[in-house]
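Residue numbers for the sequence shown follow the working numbering, so the first one is 31 and each next one is one higher.
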Amino acid sequence: MSAIPRGAGPRPLATSRRTGRAALKGAACVGLVAALAGCGGQDPDAGTNGVGKLPAAKIQAKARAAAEHAETVHLSGNVVSQGRTFKLDMSLAKDGAKGELTTKAATFQLLRVGDALYLKADAAFWAGEKGGSADGNGGAAAQKLGGKYVKVPAADPVYKRFSGFTDKDTLLASLLGLHGKLATGDRSDIDGTRTVRLTAGAGAGGTLDVSLEGTPYPLRLQRAGGAGVVRLAEWGRSVDLRAPSKDQVVDYGSRISSSG
């Protein structure tokens, strides 16, 4: 009977267990490393325009520049100004705007083509502007203006009060301001578009969501101090601006309101 070669026999039980545990431990480590690489190692900015990697101040600057260079934008939401809340639904262009503005007292349409501003509201709105009632002269004039596009004289307080809502650059400059130290916040999405959020003053100074896809347009703004939330969409989309037909226009002359 031949001798069994040294080392050819079965390994001791303890040695086999130690080897098995080492193998399992090694496999577990490999699996953990792979899992971490698959999760933590994933670049959240992959496939984006890259602005999410920039410091917060540079993201804000790029968003402002994108907004300034865009020809058009659709703006909607609520804005609180001087204690009054305005609901806006405006399509803004470089040379004019059209849309609807709502206050606590009234809803009316605004249209600006070049320097010509038209306002369409009901008689009650104009009665208030005229400082009269339906029984007085102001009310009688208001009846003629109600439901028509009134061409607002440039020197009238009504023009000064509402033309800012039709001026793209002026309106966006006033809305897009953030107050306080800027920081980069969470990634999110607005209507299916990936965004990065800027926060100012730890959120108290407002937040701004900037697109991570294509041009870094601002898409959502929460104003400081609870002064409203607005959405910005349809950047660069054509806005059809044309003056109303003559039979729909009242040219009131040099003055509309009795105040100012």
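Each residue gets a CB set at the ideal place from its N, CA and C atoms; glycine is no exception.
Which stretch, first to last residue, makes up the beta strand (DSSP E) that contains residue i?
i           : result
residue 278 : Neither: residue 278 is in no beta strand (DSSP E) and is coded neither H nor E.
residue 218 : 212 to 220
residue 199 : Element bounds for residue 199: not the beta strand (DSSP E) but the alpha helix (DSSP H), 198 to 205.
residue 104 : 102 to 111
residue 268 : Premise fails: residue 268 is in no beta strand (DSSP E) and is neither H nor E.
residue 123 : 114 to 123
residue 81  : Taken as a continuous stretch (DSSP letters only), residue 81 belongs to no beta strand (DSSP E), as it is neither H nor E.
residue 237 : 237 to 241
residue 181 : 179 to 182
Identify, in the order they occur along the chain, each residue of the same chain with its Cβ nearer than 8 Å to the Cβ of residue i, setting aside the five sequence neighbours on each side.
i           : result
residue 206 : 93, 94, 97, 238, 248 and 251
residue 174 : 280
residue 264 : 102, 103, 104 and 121
State the start and end residues of the unbroken alpha helix (DSSP H) segment that holds residue i.
i          : result
residue 88 : 86 to 99
How is residue i classed by DSSP in three states: helix, strand or coil?
i           : result
residue 189 : helix
residue 139 : strand
residue 150 : strand
residue 126 : strand
residue 250 : strand
residue 174 : helix
residue 230 : strand
Considering only the beta carbon of each residue, do residue i and residue j sit closer than 7 Å?
i           : j           : result
residue 172 : residue 157 : yes
residue 218 : residue 227 : yes
residue 269 : residue 107 : no
residue 118 : residue 103 : no
residue 25  : residue 176 : As displayed, the chain neither begins before 31 nor continues past 290, which places residue 25 out of reach and without an answer.
residue 189 : residue 279 : no
residue 208 : residue 235 : yes
residue 212 : residue 86  : yes
residue 271 : residue 143 : yes
residue 19  : residue 131 : Lying before the first or after the last residue shown, residue 19 is absent from the chain, which here runs from 31 to 290.
residue 254 : residue 110 : no
residue 138 : residue 155 : yes
residue 75  : residue 82  : yes
residue 100 : residue 266 : yes
residue 314 : residue 79  : No answer is possible for residue 314: it lies beyond the span of the chain, which begins at 31 and ends at 290.
Among the residues of its own chain, which have a CB less than 6 Å from the CB of residue i, if the five just before and after it don't count?
i           : result
residue 135 : none
residue 215 : 227 and 229
residue 220 : 239, 249 and 250
Is there a C-beta anywhere in chain B that falls below 7 Å from the one on residue i?
i           : result
residue 158 : Looking for chain B here will not work: only one protein chain is present.
Give me, in chain order, the residues of the same chain whose beta-carbon lies closer than 7 Å to that of residue i; leave out the 5 immediate sequence neighbours on both sides.
i           : result
residue 202 : 97
residue 114 : 133
Does the beta-carbon of residue i, which I'm using as the reference point, lie nearer than 6 Å to any heavy atom of the ligand ATP?
i           : result
residue 267 : Only the bare structure without any ligand can be found here, which leaves the ligand ATP out of the picture.
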